[in-house]
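So the sequence shown is numbered by our numbering: it starts at 3 and just counts up by one.
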Amino acid sequence: MDSLIDKLTSLSKRRGFIFQNSEIYGGLASTWDYGPIGAELKKNIKDYWWNYHVYKRDDIVALESSILSLNKVWETSGHIQNFSDPLMECKVCNARFREDELEKSDGSCPTLKCDNKTFDAPREFNMMFKTNIGPVVSDNSEIYLRPETAQGIFVNFENILNTSRKKIPFGVAQIGKAFRNEITTGNFIFRTREFEMMEIEYFVKPEDSEKFYQEWIESCLNFLLSLNINKSNLRVREHTKEDLSHYSKGTSDIEYKFPWGWGELQGIANRGSFDLDAHSEASSKNFSIFEEATKTRYTPHVIEPSIGVDRLLLITLLDAFNEEQIEGKDDSRTVLKLSPIIAPVKVAILPLSKDPKLSELAKNIQKDLLTKGDLGKIEYDETQSIGRRYRRQDEIGTPLCVTIDFDSLDDNSATVRDRDSMKQKRVNIKELHPHLLSSINNYLK
Ligand code: GAP
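Take a look at the structure:
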């Protein structure tokens, strides 16, 4: 029997969520492209995250920094020295893998190519991708692709403070690509070498850092729950001292119960003043803040909630995936019970057949709904039987389908079908827009 992740990978390809990159040439391993439906889902996730964490409050500003930076940035942040994983090499088949994978395979080479148990001593492998800048390739032209978006925020701290007029506490949000030359990738889009991150650096007074650290853990959990992610599939795990990254005073991961076990979905770190101190010293800039009330100076501490877009997208799919028996019928269906907030298509308009009169009415309804707005993506589809079209909409998680049949020509009504209950209701075409809006709102309750 196919595993859940196999089923999801196959559905993703079949319905246009996610394709293997360079597939026509055999595929680049662990690299994925988002298709027409997947790209909409990804955009909705980023928009919702931005709405939730930036637009619903007044203390977070935006930044879009470059993927390339001076090497000095990565020297100062500690990434050149510390951003590495211990790499092992099998003495028999020469396969390379992360040291912690040995534990999972009882000490045998985990590649399945051999059952050797002897390896070279682990060595540190830096995960930053290198490239060359400019037309001359030399040691001096080497430059890194960013492994996180956070450093772009720290090195712009002074610029942001001077232009945004924000006072401590305030945050900076950024969504963008990051690159890590991971030793081991896998589990579909869980761990890839190119991925997108949504990060906030929230600057606070040092004595407030613990309070805001706890607040951000709660806010991030609430964000996930607001997307209907099953509570029992989420847990918070605090890092032990040995687990902590080189910069962290405290980190908690929000973990998700993946089909292969609990794994990191999001990190919330109390980075102290590590980054601002390091960049201040290396650049000879003063990033401390003068507090008028106490006439003292302090360097802000920072709380950092950071989540991968692709990893969040994966859990929205895993969590929403359902195979169920259709009540009263000897039939089953696959349905993605995605929150309508992020569903790639909100409403599908489906004329019962290709009869020109039905097509004309259905296209007019779609045009009217698009003009009135507020509903998001509305898809028109008149191919295949109505049953197959419902099946497709269920599989891409469309909350509402509107069917136009021959009766519609006489009674000016259409059938609205609800994705989860599969209940159908006749609605007057003039009432469709408010009805669809309130049905979507009902899903959110
Ligand atoms: N600036 C903090 C930072 O980079 P991180 O825990 O290394 O922290 C943050 O990464 C998040 O990015 C992770 O919680 C995960 O959601 C995502 N992420 C990290 N590495 C990834 C990879 N190779 N593929 C996909 N997502 C990844």
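Glycine included, every Cβ here is placed at the ideal spot set by N, Cα and C.
Contact test: residue i Cβ vs the ligand GAP heavy atom, cutoff 7 Å
| i | result |
| --- | --- |
| E266 | yes |
| G178 | no |
| M90 | no |
| D312 | yes |
| T318 | no |
| G80 | no |
| M130 | no |
| G375 | no |
| G109 | no |
| R506 | Residue 506 lies beyond the stretch modelled for the chain, which goes from 3 to 447, so this question has no answer here. |
| S86 | no |
| I309 | yes |
| F197 | yes |
| G269 | yes |
| R239 | no |
| A97 | no |
| E103 | no |
| E244 | no |
| A152 | yes |
| E257 | no |
| E66 | no |
| E201 | yes |
| E326 | no |
| E306 | yes |
Proximity below 8 Å, CB of residue i to CB of residue j
| i | j | result |
| --- | --- | --- |
| E306 | E201 | yes |
| L363 | L371 | no |
| V418 | S441 | yes |
| E126 | S68 | no |
| R391 | L352 | yes |
| S285 | G188 | no |
| A180 | E150 | yes |
| M130 | N84 | no |
| N414 | I388 | no |
| C111 | D102 | no |
| L6 | P261 | yes |
| Y258 | N235 | yes |
| T336 | E325 | yes |
| D312 | F197 | yes |
| D277 | V304 | yes |
| S290 | R273 | no |
Identity of the residue in the options nearest residue i by Cα
| i | options | result |
| --- | --- | --- |
| N46 | S441, T11, L340, R421 | L340 |
| I406 | G378, L377, N366, H437 | N366 |
| L314 | L223, H81, D383, T385 | L223 |
| F121 | P88, F131, P137 | P88 |
| Y146 | I191, R428, V75, S275 | V75 |
| S410 | S423, V429, N134 | V429 |
| P302 | I309, R59, N288 | N288 |
| F19 | I26, D35, L30 | D35 |
| I328 | R393, G274, S247 | R393 |
| F190 | I380, L10, E77, K106 | L10 |
| Y54 | V138, G40, L227 | L227 |
| I39 | E433, E384, S308, K379 | K379 |
| L434 | G37, E244, Q386, T373 | T373 |
| Q368 | G330, K331, A416, T78 | A416 |
| I398 | A350, K427, Q426, P358 | A350 |
| E91 | I309, Y57, E25, T186 | T186 |
| G1 | M424, E105, E244, F159 | Residue numbering for the chain in the displayed model covers 3 to 447; residue 1 lies beyond these limits and cannot be assessed. |
Alpha-carbon spacing of residue i relative to residue j, whole angstroms
| i | j | result |
| --- | --- | --- |
| E240 | I270 | 9 Å |
| H437 | I344 | 19 Å |
| V157 | H281 | 7 Å |
| F292 | Y300 | 7 Å |
| S166 | D279 | 21 Å |
| S221 | C95 | 47 Å |
| E283 | D396 | 56 Å |
| Y382 | T400 | 12 Å |
| G375 | N443 | 15 Å |
| I256 | L360 | 49 Å |
| R421 | K356 | 23 Å |
| Y215 | I62 | 16 Å |
| G173 | W218 | 11 Å |
| A322 | L316 | 10 Å |
| K233 | K44 | 22 Å |
| T253 | L246 | 7 Å |
| D171 | P124 | The identity of residue 171 in the sequence shown is Pro, whereas the question assumes Asp. Roughly 43 Å between the two C-alpha positions. |
| G178 | D412 | 52 Å |
| T113 | T385 | 45 Å |
| E1 | W52 | Nothing in the structure corresponds to residue 1, since the chain is present only between 3 and 447. |
| L163 | K169 | 8 Å |
| I155 | M199 | 13 Å |
Residue i beta carbon near the ligand MN (any heavy atom closer than 7 Å)
| i | result |
| --- | --- |
| R182 | Among the ligands modelled here, namely the ligand GAP, the ligand MN does not occur. |
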